[in-house]
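Residue numbers (this note's numbering): -6 to 89.
Reading through the structure tokens given below for one structure.
Have a look at this one:
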């Protein structure tokens, strides 16, 4: 299962992380991937200047494995660009 962890640390909280979580709830429903993508809040992910940050984990996609990464970070996420970033960065890696 793929996990999206939305940072809710102090800096990201002030930048609207809870709005991002609400946006992702709707996006996961719209793309019908609620059963394969787990949405979670996370304590600070360490990218305060680039927040809101979303950490994605659990991809089996060869592209991610080839990069030698077990996760991806998406920065500067907000409620207005969340769907665009999901469609561009996450959805293609779900292997659907």
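C-beta atoms are modelled at their ideal positions from N, C-alpha and C, and glycine is treated no differently.
In whole angstroms, what separates the C-alpha of residue i from that of residue j?
{"i": "residue 36", "j": "residue 70", "result": "16 Å"}
{"i": "residue 4", "j": "residue 46", "result": "10 Å"}
{"i": "residue 0", "j": "residue 13", "result": "10 Å"}
{"i": "residue 42", "j": "residue 30", "result": "26 Å"}
{"i": "residue 52", "j": "residue 72", "result": "23 Å"}
{"i": "residue 22", "j": "residue 80", "result": "13 Å"}
{"i": "residue 8", "j": "residue -3", "result": "18 Å"}
Assuming contact is defined by CB atoms lying nearer than 8 Å, are residue i and residue j in contact in what I supplied?
{"i": "residue 64", "j": "residue 82", "result": "no"}
{"i": "residue 32", "j": "residue 18", "result": "yes"}
{"i": "residue 87", "j": "residue -5", "result": "yes"}
Considering just the uninterrupted stretch of the beta strand (DSSP E) at residue i, what are its terminal residues?
{"i": "residue 67", "result": "64 to 67"}
{"i": "residue 31", "result": "30 to 35"}
{"i": "residue -1", "result": "-5 to 0"}
Leaving out five residues before and five after residue i in sequence, what residues of the same chain have Cβ atoms less than 8 Å from its Cβ?
{"i": "residue 84", "result": "24, 26"}
Grab me the residues of residue i's own chain with a C-beta within less than 6 Å of its C-beta, minus the 5 sequence neighbours each way, in chain order.
{"i": "residue 16", "result": "72, 75"}
Since residue i is in the alpha helix (DSSP H), which residue starts that stretch and which ends it?
{"i": "residue 5", "result": "3 to 7"}
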